[in-house]
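So in my numbering, spot 51 of the sequence shown is number 300, and the numbers just go up one at a time.
For each residue, glycine too, the CB sits at the ideal point set by N, CA and C.
Read through the structure below, which is laid out as structure tokens, and then see the notes.
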Amino acid sequence: MTVEAGSPGDIGVRRIVLVGFMGCGKSSVGRALAGLLNWRFVDMDDEIEARTGRSIPEIFAAGGEAAFRGIEEAVGADLLRETDFVLASGGGWAATEGRLSALPSGTVSVWLKVSAEEAIRRAGSQGTPRPMLASEDPVGAAAELLRAREPFYSVADVALDSEGSEPQRLAVDVLRAIREMPGGREG
Ligand code: S3P
């Protein structure tokens, strides 16, 4: 697919950060987006696992959520020093007061929206263990967590519904939405 004339770089965008609940498509859309832009794609969870030498469930099992969040914050801050890449954040990374509003200049944040039911359906088919959803009632747990996180996700510069479109199509929609942002972001 050809990218329309004008890249995000033309409006001062140096990196794109995808945020949203588990299963919203951050990784698949991020990969497609990076392909369109000829940028690198980085998955925050993969980086955490590579840098610690431990899987996400192992980190949670050893130190609980607090330990994971500490590592996630440090890895996220380090990654955001780079440019010309698309970052798929972990589902809880953006859900901290002030995190999205403190992104470095030249960064566009994109919230991919998904319902709790669809998130659980996708999470089940992906086979990636999600400690935050380990519950007798995963849809109920997801709905509660999603409700608590939505105010944080909604700070993102762009919001798009992730249901009903393939990743490649969503990636094109993300680019269009970024180009339509008033003035973009100064880099
Ligand atoms: C989490 C989401 C996961 C991973 C960890 C915690 C969360 O990432 O970071 O299991 O708190 O929502 P994905 O959103 O990529 O599944």
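Within the present structure, is the beta-carbon of residue i separated from the nearest heavy atom of the ligand S3P by less than 8 angstroms?
i: residue 309; result: yes
i: residue 323; result: no
i: residue 377; result: yes
i: residue 327; result: no
i: residue 339; result: yes
i: residue 401; result: no
i: residue 342; result: yes
i: residue 270; result: yes
i: residue 426; result: no
i: residue 276; result: yes
i: residue 305; result: yes
i: residue 317; result: yes
i: residue 430; result: no
i: residue 380; result: yes
How about residue i and residue j: are their beta carbons less than 9 angstroms apart?
i: residue 309; j: residue 346; result: no
i: residue 424; j: residue 286; result: yes
i: residue 349; j: residue 268; result: yes
i: residue 388; j: residue 331; result: no
i: residue 199; j: residue 314; result: Nothing in the structure corresponds to residue 199, since the chain is present only between 250 and 436.
i: residue 416; j: residue 281; result: yes
i: residue 262; j: residue 355; result: yes
i: residue 270; j: residue 398; result: yes
i: residue 333; j: residue 289; result: yes
i: residue 363; j: residue 266; result: no
i: residue 306; j: residue 428; result: no
Hey, out of the options, whose CA is closest to residue i's CA?
i: residue 301; options: 288, 286, 317, 290; result: 317
i: residue 408; options: 326, 275, 315; result: 275
i: residue 369; options: 259, 273, 258; result: 273
i: residue 414; options: 431, 361, 356; result: 361
i: residue 422; options: 383, 377, 359; result: 359
i: residue 344; options: 335, 405, 429; result: 405
i: residue 353; options: 264, 398, 257; result: 264
i: residue 338; options: 364, 260, 278; result: 278
i: residue 412; options: 375, 371, 377; result: 371
Going by the C-beta, is residue i closer than 8 angstroms to any heavy atom of the ligand SAM?
i: residue 394; result: This structure lacks the ligand SAM; its bound ligands are the ligand S3P.
Which residue comes first and which comes last in the beta strand (DSSP E) that contains residue i?
i: residue 276; result: That residue, residue 276, is in no beta strand (DSSP E); its alpha helix (DSSP H) goes 275 to 286.
i: residue 337; result: 334 to 337
Under DSSP, the alpha helix (DSSP H) around residue i begins and ends at which residues?
i: residue 265; result: That residue, residue 265, is in no alpha helix (DSSP H); its beta strand (DSSP E) goes 264 to 268.
i: residue 294; result: 293 to 301
i: residue 373; result: 365 to 375
i: residue 418; result: 416 to 428
Can you pull the DSSP bridge partners for residue i?
i: residue 360; result: 268, 408
i: residue 309; result: In DSSP, residue 309 forms no bridge with anything.
i: residue 207; result: What is shown of the chain runs 250 to 436, which leaves residue 207 out entirely.
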